[in-house]
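Numbering follows the numbering used here, in which position 121 of the sequence shown is assigned residue number 157; successive positions increment by one, without gaps.
Just so it is clear, CB atoms sit at the ideal spot from N, CA and C, and this is done for glycine as well.
Here's the structure, in structure tokens; my notes come after.
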Amino acid sequence: MDFHKLTILALDLVRQNRTLVAASAAAVLLGGALSPLVSRVASDYRAWHALGPNGLPRNLLGYLFQAAASPFARRDTRVPAPYDPAALGDRYGPLTLRSFLPDDSRPLPPRRGPRPQVPAFVGPQRQTSQQATTATRARQEAFLHAFAAANPGKVRVRPSNLEGPLFSSLWLGEGDGDGVAAPVVRDEIRRLNGEFAHPHGEGSTHLVLSVADAAEAIEKGWAERHRMSGVGSLMPWGFVLVYAPRDEAEWEVWKGFVLASARYVLGGEEEAVMP
């Protein structure tokens with residue numbers, strides 16, 4: 037085989053097809069440059085998908101939707117009060133500057149140990165460590181129904197509109213026709229349609245709290261805000277993720293947060309009670 041002739045032929049082909057050769061070379065170089073990025077995105081997508089069912093489509097469309105929202109989302113979710121409380125008092129009303137935690141939860145004790153891991157996805161927001169046991173999740177579901185039964189007409193249990201029908205949620209009631217009028221939906225949660233509390237499959241819980249209670253919960257290590265909390269009027273500043281209870285003492289604190297959320301969204305006028 038005459039390699040000299042083959043080399044001349046190859047060079048001639050290159051000269052005749054310079055555009056194609058240049059495009060092919062660029063494609064190879066671009067592919068090599070993009071390979072790490074594609075690998076990172078694929079890994080990120082797998083981590084997002086592993087968080088389980090949520091209010092977004094659990095496919096590439098859902099992943100891209102939340103990724104597109106990331107530039108607008110906040111990153112200071114563990115800063116207790118990155119806002120002017122007085123301005124929020126004017127915006128949400130003076131009730132938001134009050135605490136609605138039960139007396140036996142005040143002052144709120146610090147949560148022991150480090151916070152759980154919470155990936156930075158805009159949605160879903162979940163904790164991936166220190167998760168609840170199956171028994172605790174069953175207790176949470178039972179408590180929602182018991183709480184609604186103890187507060188007829190004021191609170192009801194329905195499938196979550198925010199997280200999808202797989203999750204039970206507490207909503208403002210519709211009255212009972214026996215002296216209990218339907219609660220008025222506060223302006224700050226109007227976009228939530230009256231939904232104010234829902235636990236997730238791993239035991240964390242989204243709640244609407246007064247900004248006073250939300251700030252204290254974050255400061256004491258019990259919670260963090262959603263990344264869209266305080267962004268426009270989508271979610272109020274008091275929309276927080278309360279971490280899953282790990283023992284009996286934390287279970288009591290978790291119940292206190294649910295009660296505080298109900299008291300607040302009821303406007304402080306209708307008293308909510310523990311089951």
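Look at residue i and residue j and say whether their C-beta atoms are less than 8 Å apart.
i: Ser-15; j: Val-289; result: In this structure the chain extends from 37 to 311, so residue 15 is not present and cannot be described.
i: Val-294; j: Leu-243; result: yes
i: Leu-144; j: Leu-137; result: yes
i: Gln-176; j: Ser-165; result: no
i: Val-221; j: Leu-206; result: no
i: Val-216; j: Gly-189; result: yes
i: Trp-273; j: Leu-124; result: yes
i: Ser-240; j: Val-301; result: no
i: Pro-155; j: Ala-83; result: yes
i: Arg-299; j: Ala-308; result: yes
i: Tyr-119; j: Gly-266; result: yes
i: Glu-210; j: Ala-218; result: yes
i: Val-247; j: Pro-146; result: no
i: Ser-135; j: Asp-249; result: yes
Going by beta carbon distance, what residues of the same chain come within less than 6 Å of residue i, once the five residues before and after it are set aside?
i: Phe-203; result: Ser-196 and His-234
i: Ala-117; result: Ala-251
i: Trp-287; result: Pro-281
i: Arg-261; result: Thr-113 and Val-276
i: Ser-297; result: Phe-232, Ala-233, Leu-243, Val-244 and Leu-245
Once the 5 residues before and after residue i are set aside, which same chain residues still bring their CB inside 7 Å of it?
i: Arg-94; result: His-85
i: Gln-102; result: Leu-92, Phe-157, Val-158 and Gly-159
i: Ala-168; result: Glu-238, Gly-239, Ala-280 and Pro-281
i: Ser-269; result: Arg-227
i: Leu-180; result: Val-193, Ser-204 and Leu-206
In terms of residue numbering, what span does the beta strand (DSSP E) encompassing residue i cover?
i: Leu-124; result: First-last for Leu-124: 121-128, but that is the alpha helix (DSSP H), not the beta strand (DSSP E).
i: Leu-206; result: 200-208
i: His-242; result: 241-244
i: Leu-277; result: 275-278
i: Glu-252; result: Looking at the DSSP string, Glu-252 is not in any beta strand (DSSP E); the run it does join, the alpha helix (DSSP H), is 247-255.
i: Glu-224; result: Counting along the chain, Glu-224 falls outside any beta strand (DSSP E), and DSSP gives it neither H nor E.
i: Ala-233; result: 231-235
Who does residue i pair with in a DSSP beta bridge?
i: Ala-259; result: Val-278
i: Met-271; result: Ser-265
Please list, in chain order, all residues of the same chain as residue i whose beta carbon is under 8 Å from its beta carbon, the five residues on each side excluded.
i: Met-310; result: Pro-138, Phe-183, Ala-186, Lys-291 and Leu-295
i: Arg-151; result: Arg-114, Gly-257, Glu-260 and Tyr-279
i: Tyr-81; result: Leu-96 and Tyr-99
i: Pro-201; result: Pro-195
Between which two residues does the alpha helix (DSSP H) harbouring residue i extend?
i: Ser-297; result: 284-301
i: Phe-136; result: Taken as a continuous stretch (DSSP letters only), Phe-136 belongs to no alpha helix (DSSP H), as it is neither H nor E.
i: Arg-192; result: From DSSP, Arg-192 is part of no alpha helix (DSSP H) but of the beta strand (DSSP E) over 191-196.
i: Thr-172; result: 170-186
i: Gln-102; result: 96-105
Hey, is residue i's beta-carbon within less than 8 Å of any beta-carbon in chain C?
i: Met-264; result: You won't find chain C in this structure, because it holds only one protein chain.
Taking 7 Å as the cut-off, is the CB of residue i close to at least one heavy atom of the ligand GDP?
i: Phe-108; result: What this structure holds is no ligand at all, so the ligand GDP is not there to describe.
*Indicate whether the contact test is met: 3 or more Cβ pairs, each with one atom in the region 109-126 and one in the region 82-99, closer than 8 Å.*
Verdict: no, contact absent.
*asked:* Count Cβ pairs between the region 85-96 and the region 145-164 that sit closer than 8 Å; are there 3 or more?
replied: Look at the beta carbons and you see the region 85-96 touching the region 145-164: at least three pairs across the two are nearer than 8 Å.
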